[in-house]
Every structure is written in structure tokens, then in C-alpha cells.
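Below: one structure, written as C-alpha cells.
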Amino acid sequence: MEDNIIEIKNLVKKFKDFTAVDDISFNVKHGEIFAFLGPNGAGKTTTIRMLTTLLDPTQGDITVNGFKTTKDKSGARKSFGIVFQDPSLDNELTAFENLEFHGIMYDVPKKVRRERIDQLLKFVGLEDRRNDFVKNFSGGMKRRLEIARGLIHHPKILFLDEPTIGLDPQTRNHLWEYIKKLNKEEDMTVFLTTHYMEEAESIANTIAIIDLGKIIAKGTSEELKKQTKQESLEKAFLELTGKQIREEIGTARDRARFQGRMWGNR
Amino acid sequence: MIGALGQPVLFFLALGFGFGPVYAKAGGGNYIEFLAPGIMAMTILFTSMFTGMEVIWDRQFGFLKETMVAPVSRWQIMLGKTLGGATISVIQALVVFIITLFFGFTPNWTLLPLTLLFMFILAAAFTALGIAIASKLEDMQAFPVIMNFLIMPIFFLSGALFPLNGLPKAVGFIAAIDPLSYGVDGLRGALIGTAHYGLTIDLLALSAITLALIGLGTYLFSKIQV
Numbered sequence: 001m002e003d004n005i006i007e008i009k010n011l012v013k014k015f016k017d018f019t020a021v022d023d024i025s026f027n028v029k030h031g032e033i034f035a036f037l038g039p040n041g042a043g044k045t046t047t048i049r050m051l052t053t054l055l056d057p058t059q060g061d062i063t064v065n066g067f068k069t070t071k072d073k074s075g076a077r078k079s080f081g082i083v084f085q086d087p088s089l090d091n092e093l094t095a096f097e098n099l100e101f102h103g104i105m106y107d108v109p110k111k112v113r114r115e116r117i118d119q120l121l122k123f124v125g126l127e128d129r130r131n132d133f134v135k136n137f138s139g140g141m142k143r144r145l146e147i148a149r150g151l152i153h154h155p156k157i158l159f160l161d162e163p164t165i166g167l168d169p170q171t172r173n174h175l176w177e178y179i180k181k182l183n184k185e186e187d188m189t190v191f192l193t194t195h196y197m198e199e200a201e202s203i204a205n206t207i208a209i210i211d212l213g214k215i216i217a218k219g220t221s222e223e224l225k226k227q228t229k230q231e232s233l234e235k236a237f238l239e240l241t242g243k244q245i246r247e248e249i250g251t252a253r254d255r256a257r258f259q260g261r262m263w264g265n266r
Numbered sequence: 267m268i269g270a271l272g273q274p275v276l277f278f279l280a281l282g283f284g285f286g287p288v289y290a291k292a293g294g295g296n297y298i299e300f301l302a303p304g305i306m307a308m309t310i311l312f313t314s315m316f317t318g319m320e321v322i323w324d325r326q327f328g329f330l331k332e333t334m335v336a337p338v339s340r341w342q343i344m345l346g347k348t349l350g351g352a353t354i355s356v357i358q359a360l361v362v363f364i365i366t367l368f369f370g371f372t373p374n375w376t377l378l379p380l381t382l383l384f385m386f387i388l389a390a391a392f393t394a395l396g397i398a399i400a401s402k403l404e405d406m407q408a409f410p411v412i413m414n415f416l417i418m419p420i421f422f423l424s425g426a427l428f429p430l431n432g433l434p435k436a437v438g439f440i441a442a443i444d445p446l447s448y449g450v451d452g453l454r455g456a457l458i459g460t461a462h463y464g465l466t467i468d469l470l471a472l473s474a475i476t477l478a479l480i481g482l483g484t485y486l487f488s489k490i491q492v
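Line order of the protein sequences matches chains C and X. Read in order, the letters of the first sequence are residues 1 to 266 in the working numbering. Read in order, the letters of the second sequence are residues 267 to 492 in the working numbering.
In C-alpha cells form, the structure reads like this:
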């Protein structure tokens with residue numbers, strides 16, 4: 001029977017006087033593709049950071065693959081791989097070296113590690129760029145490499161934070177195919193955040209919508225469309241979250257990201 | 267690397283040959299000999315601090331994020347970054363060292379291992395300090411403040427450019443609490459044989475400060491919430 005691989009109970013995150021995540025609870029079933037949608041500033045990124053042990057909750061519990069994220073960080077971390085929104089490869093290393101480093105950090109034994117690196121490079125179509133420096137890769141290639149890297153330790157869950165943002169349609173399509181293939185063949189649970197409605201509609205089994213720190217809807221794409229009496233997921237989303245553009249406070253992170261784009265991301 | 271070496275070499279040539287005659291006249295001897303260890307320490311200070319401060323950027327937009335989400339403890343990441351940064355600094359300082367040889371620096375070669383030891387401990391100290399500071403900052407806006415109010419005073423009041431004997435009490439006091447002073451003094455002692463505080467004190471003081479800074483850096487780094 002399907003069981004829950006991620007359980008979130010009464011999760012709260014407060015920053016000084018601002019509540020980013022306001023008592024949310026939901027589960028992700030083993031083997032499903034789960035899309036987490038929401039307007040900017042809704043609490044999506046904060047939630048993912050708590051799920052991936054980068055941030056501690058103010059209150060509430062998160063259990064990832066049976067490990068509580070606040071109590072057994074190591075166990076939780078071994079259970080997932082993540083592809084971040086901002087690139088996290090070492091540009092001064094080759095594709096192979098980046099993957100090797102990851103494998104070593106996750107304690108993957110050498111023989112297994114080398115085999116998986118070969119398999120995964122082939123899987124994402126980068127086997128002939130194995131010994132090239134990552135700084136010479138395009139955005140799409142870097143993203144593919146990061147996906148390969150996230151899988152080296154064969155995690156049960158793959159977190160994808162806006163995985164196709166900034167990519168051309170061919171690459172986006174390729175990535176969706178990889179994700180669906182992984183999900184089917186490896187029984188891998190996928191948790192993704194995205195702004196692209198057709199992406200969520202096309203690949204996700206379950207969709208949850210967060211707004212102002214609260215889960216306002218959860219279900220399949222069909223269910224959400226029926227619930228809001230709309231023909232497309234995009235319209236359903238707008239119906240649920242309102243058409244107003246969100247006020248956002250520019251954080252230090254946004255300034256830094258902007259500076260990075262100005263000076264050419266390393 | 268050539269860019270990074272520009273500043274120390276420029277200081278060395280400008281000050282060394284500029285102040286050389288004045289220093290000799292005042293009875294100080296050969297300024298080039300005196301200055302070279304100071305310039306090497308300068309290289310270590312700047313390179314180490316910059317490497318450490320890289321963490322501000324790296325942890326959100328770079329490779330460091332990947333290490334923070336891995337099943338690796340924070341202190342291991344911190345130690346790795348500190349040792350790696352220290353190694354880079356020492357290599358740069360050695361390149362500067364070779365350059366000073368071309369301009370008349372004649373060091374005592376027998377204590378070279380001790381020189382390397384001082385370089386490494388000094389580099390570890392400032393890499394750790396850089397990481398400690400970077401752990402508390404969210405963007406690069408504070409950088410000019412740190413540069414002018416921390417790094418520059420540490421450099422100028424450390425005895426890298428001028429001897430520490432006979433200084434007014436206030437300056438002498440600042441020099442005594444400046445970790446770089448012990449590093450410079452130790453390097454000078456190992457390379458040309460004159461040490462203001464004495465080699466043993468230099469080694470002990472520097473090691474103690476370095477351990478404290480590594481401890482501080484590790485603590486602050488482990489508290490980072492991305």
C-alpha cells in the first residue's frame with residue numbers, strides 16, 4: 001500500500017515579527033510526483049528549506065523517510081537529493097569531479113560511485129562532457145548535471161526547486177521526461193516547486209497550493225479545476241490566490257542574486 | 267593570481283625602495299630585509315580573509331549549499347574550508363617570497379620549515395576569522411566596512427611595515443592584541459633572526475589565537491540557517 005514518505009505536521013516558521021509559514025500540515029505519498037505551487041512570498045522556499053534541513057522550524061514536525069529533520073539530520077539528508085534554484089556546482093571542477101565529490105560526501109563506495117557516475121552522465125546526456133570544466137557549461141547543461149549529481153546516492157526523494165526556470169523549451173521538455181522516467185523506473189518520489197502551471201499539470205500527481213503561509217488547496221489537477229470550476233490549472237490557481245500582484249520585500253538574497261547576474265554568475 | 271599578487275608586490279617595491287634610505291639613516295639597517303616578511307604576512311592576511319568571506323556568497327549561490335545539505339557535519343565543512351583557504355594563502359605568500367628574493371631579500375634558509383609553520387597557522391587564523399564574519403553577514407554590503415575598519419588596522423598596526431620597539435603605548439597595545447603582529451614577528455624571526463616578542467611567544471600566542479578563531483568560526487558557521 002502507499003505510505004507517506006514526507007509528513008509535515010503543524011509546521012510554523014516565524015522570522016522576528018513575520019510569519020512565513022503558518023501552521024501547515026500535509027503528506028507526500030511514496031512514489032508520487034508532488035508539485036508545490038504558490039505566489040511569490042507565499043512560504044514555498046521557506047518550506048523547502050525546512051524540508052531539506054537548511055532551516056529549523058519554529059514549531060512543528062517534519063518527517064522525511066522516517067527521520068525527523070530536527071533530530072536526525074544525517075538520516076534525513078541521506079534520503080534526499082536536491083536541485084537548487086541557484087546553481088550549486090563547483091565551476092572550477094569538471095563534471096566528473098563534481099559528481100565524484102558528491103559521491104564521497106554521501107559515503108557511496110568507490111566502485112558503486114564510479115558506475116553510477118557513468119550511468120547518470122549517460123542518463124542526462126553529458127557523458128561526452130565528462131572531463132570538461134563546469135564553468136563552460138550552458139544553463140541547461142548545468143541543471144542536467146545537478147540532477148545527475150542529486151541522484152548519485154540513490155535517494156528516495158528528489159527535491160527540485162524551480163527546476164526548469166530559465167531553460168529553453170527543448171531542455172525543459174527533456175527534463176520533464178527524465179523526471180517522469182525516474183519516478184516510474186526508480187520509484188522515486190519527486191517534490192517540486194514551480195511557477196509553470198503546464199509543468200505542474202503535465203507531470204504532477206498531487207498539487208498543493210500555498211499562499212500567505214497557509215495551504216489553501218490540495219489535490220490532483222482535475223480536482224483543483226473542478227473545485228474552482230475552471231478549465232485550466234492556471235485559472236484555478238488565479239482563482240484561489242487572487243489576481244493581485246504580491247508585495248514583496250526585497251531581501252538580501254534578492255540583492256545578492258541580482259549582483260550575481262550583473263557580475264556573471266560564477 | 268597575478269592580480270592578487272599585485273598589491274603586496276607594489277607595497278614591497280614602493281615602500282622598500284622608498285623608505286629604504288630613510289630607514290637605514292635612522293639606524294634600522296636594511297629595510298628590504300625588514301619589510302619582506304611583513305609583505306608575506308600581508309599577502310596571507312588579505313588572501314585568507316577574502317577566501318573566508320567568500321562564504322557569504324557561496325553559501326547561498328554557490329557550491330557551499332551543496333555541502334550544507336549533505337550528511338556532513340558543519341565542523342568538517344568548516345575545517346575543510348579553513349585548511350583549503352590556508353593552503354591557498356601560503357602558496358601565494360611563497361610566490362611573493364620568491365619575488366622578494368629577486369629584489370635583494372636574503373633570508374636565513376635553515377629555519378624555512380618554521381617559516382612555513384608560521385605562515386600556515388597565520389593563514390588558518392584569518393581564514394577562520396573570515397568565515398566567522400561571513401557566517402553572520404547576508405550580503406556583501408558590509409564588505410567595505412570590514413575592509414577599512416578591520417583588515418586595514420590589523421595590517422597597519424601589526425609591525426609589518428615598521429618596528430614595534432619604541433612605539434607610543436597605545437599603538438603598542440593594539441599591536442599586542444593583533445594576531446598578525448605575532449605572525450609577522452614569527453616570520454621575521456625565522457627568516458632574518460630578529461624578533462620583537464621572541465619566537466616562542468610568537469608561536470604560542472599565534473597558535474592560541476588561531477585555535478580560538480577556528481572555534482569561533484566553527485560555532486558561527488554551524489549556526490548558519492540558509
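Beta carbons: idealized from backbone N, C-alpha and C, even for Gly. All values reported here derive from a predicted model rather than from experimental measurement.
Note down, in chain order, every chain X residue with its Cβ under 9 Å from the Cβ of residue i.
i      : result
Y106/C : A336, P337 and V338
I117/C : Simply none; closest approach about 16 Å.
D56/C  : Q491
State yes or no: is the beta carbon of residue i nearer than 8 Å to at least one beta carbon in chain C?
i      : result
F358/X : The sequence shown places Gln at residue 358/X, not Phe. For Q358/X, the answer is no, since every Cβ of chain C falls outside 8 Å of its Cβ.
K331/X : yes
Q273/X : no
G350/X : no
V492/X : yes
Short of 6 Å in beta carbon distance, which residues of its chain neighbour residue i, apart from the five on each side in sequence? Order them along the chain.
i      : result
K135/C : N91
A42/C  : I210 and D211
A389/X : I310, S314, A352, S355 and V356
T171/C : G140
A302/X : T366 and F371
Chain X beta carbons: is any one of them nearer than 8 Å to that of residue i?
i     : result
D61/C : no
F84/C : yes
S74/C : yes
R49/C : yes
Please name the residue or residues paired with residue i in a DSSP beta bridge.
i      : result
E7/C   : N27/C and T63/C
V83/C  : L160/C
V190/C : I33/C and L158/C
V21/C  : K13/C
T484/X : None, per the DSSP bridge assignment.
I48/C  : According to DSSP, I48/C bridges with nothing at all.
I215/C : I210/C
Please check the pair residue i and residue j, which I expect to be a contact at CB under 8 Å, by giving their CB distance rounded to whole angstroms.
i      : j      : result
I6/C   : V28/C  : 4 Å
V321/X : L330/X : 6 Å
F371/X : I490/X : Their Cβ separation, rounded to whole angstroms, is 42 Å, which puts F371/X and I490/X out of contact at 8 Å.
R325/X : V492/X : 6 Å
E127/C : L121/C : 4 Å
E162/C : H195/C : 7 Å
V83/C  : E177/C : Contact flag wrong, Cβ pair sits at about 16 Å.
V190/C : I207/C : Between I207/C and V190/C the Cβ distance is about 13 Å, and since that is not below 8 Å, they are no contact.
A400/X : G284/X : That pair is no contact at about 35 Å.
T164/C : L175/C : 6 Å
Keeping to the same chain, check which residues put their C-beta closer than 8 Å to that of residue i; ignore five residues upstream and five downstream.
i      : result
P235/X : Nothing in the structure corresponds to residue 235/X, since chain X is present only between 267 and 492.
M1/C   : Unreliable positioning characterises M1/C in this predicted model, as indicated by a pLDDT of 41, which lies under 50. The coordinate reading is nonetheless provided below. Cβ neighbours of M1/C beyond the five flanking positions: none.
Q358/X : M267, A270, L271, T309, I310 and T313
F96/C  : I117, L121, R130 and N131
Quick one: residues in its chain with C-beta nearer than 7 Å to the C-beta of residue i, no 5 flanking neighbours on either side, listed in chain order?
i      : result
K9/C   : S25, G60 and D61
M344/X : I397, G483, T484 and F487
T381/X : L453, A456 and L457
N265/C : Residue confidence for N265/C is low, a pLDDT of 49 falling below 50, so the modelled location carries little weight and cannot support an answer.
How would you list, in chain order, the residues of chain C whose beta-carbon sits under 8 Å from the beta-carbon of residue i?
i      : result
G293/X : Near G293/X there are no residues of chain C at all, since even the closest Cβ is about 49 Å away, more than 8 Å.
Counting only Cβ pairs nearer than 7 Å, list the residues of chain C close to residue i.
i      : result
F487/X : Residues of chain C passing the Cβ test: none, with the nearest at roughly 13 Å.
Determine the chain X residues that contact residue i at a beta-carbon separation under 8 Å, and present them in chain order.
i     : result
K78/C : P337
T53/C : V335
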